[in-house]
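Visitor: Residues 33 to 209 (the working numbering) are what the sequence shown spells out, left to right.
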Amino acid sequence: MPSVTDRLRALPWWLRSSVAAAFGALASLGFAPLSWWPLLIICVSAFSLLALTAPRWWQAALVGLCYGLALYLIAIRWMRVVFTEAMIGLSALEAAFLAVLAVLIRLAGRSRYWPLLAAGCWLSVEYVFSSQPFGGFPWLRLGYTAIDSPLAGLLPLVGVPGAGFAVALMAHLLAWT
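1. Which class does Pro141 belong to by DSSP, given the choice of helix, strand or coil?
2. Could you compute how far the alpha carbon of Gly121 sits from the alpha carbon of Ala151?
3. Below 6 Å CB to CB, which residues in the same chain sit around Ala131 once its five sequence neighbours on both sides are set aside?
4. Here's a check: name, in chain order, each residue in its chain whose Cβ is nearer than 6 Å to the Cβ of Pro147, leaving out the five neighbours to either side.
5. May I have the straight-line CA-CA distance separating Arg112 from Met119, to the nearest angstrom?
6. Relative to the alpha-carbon of Arg136, which residue among Ala64, Arg88 and Gly185 has its alpha-carbon at the smallest distance?
7. Quick check on the DSSP output: the alpha helix (DSSP H) that includes Met111 runs from which residue to which?
8. In chain order, what residues of the same chain have a beta carbon less than 6 Å from the beta carbon of Leu174, not counting five sequence neighbours either side?
9. Roughly how many whole angstroms lie between the Cα atoms of Trp68 and Ser77?
10. Excluding sequence positions up to five away, which residues of its chain have a Cβ less than 7 Å from the Cβ of Ser80?
11. In angstroms, rounded to a whole number, what distance separates the CA positions of Val157 and Arg41?
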């Protein structure tokens, strides 16, 4: 009987990307105003599993792009009041960062310490999109979801980056199990 990872590796690219988009849409529910943080951990875990089992790097990048587009188009839909084209452009730009993240997670998967490395990759990519371009767009960092979770006690100690690392590590450890 094939394992879960074997079944995930056998997914065609279009189905893998569609599943990633569905999890990206669900991940938007983990941020304010709903703040369903357990759902976000599950979605990040699914994102990493889809990226890790991608047979090629471009399929991992496509997973990140589809996940990111679904996440950002829903989570920053308020921006259409300002300018719809700006919302679409910003969503595409931020999704490109998640495409890079998916490739980095796939590379980290080659190590036996991949959950720790993948959480570090997540933290690094969050740092970059929080500062670039034009001063960054840090509104959808994982650490912001910790405020309503049991990890809220980490925020005064390690700040949003440390809490984001903890959320990502929990998600990657869930994927590892």
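From the three backbone atoms N, C-alpha and C, an ideal C-beta is built for every residue, glycine too.
Since this is a predicted model, take the numbers as computed values, not measurements.
Guide: In terms of the structure at hand:
1. For clarity, residue 141 is Gly in the given sequence; the question names Pro instead. In this structure, DSSP gives Gly141 a state outside helix and strand, which the three-state scheme calls coil.
2. 27 Å
3. Ala93, Gly96 and Leu97
4. His204, Leu205 and Trp208
5. 6 Å
6. Position check: residue 136 holds Leu in this sequence, whereas Arg was assumed. Out of Ala64, Arg88 and Gly185, the CA that lies nearest to the CA of Leu136 is found in Arg88.
7. Run containing Met111: none; DSSP gives neither H nor E here.
8. Gly196, Val199 and Ala200
9. If you take the alpha carbons of Trp68 and Ser77, they lie about 15 Å apart.
10. Ile137, Ala150, Ala203, His204 and Ala207
11. 25 Å
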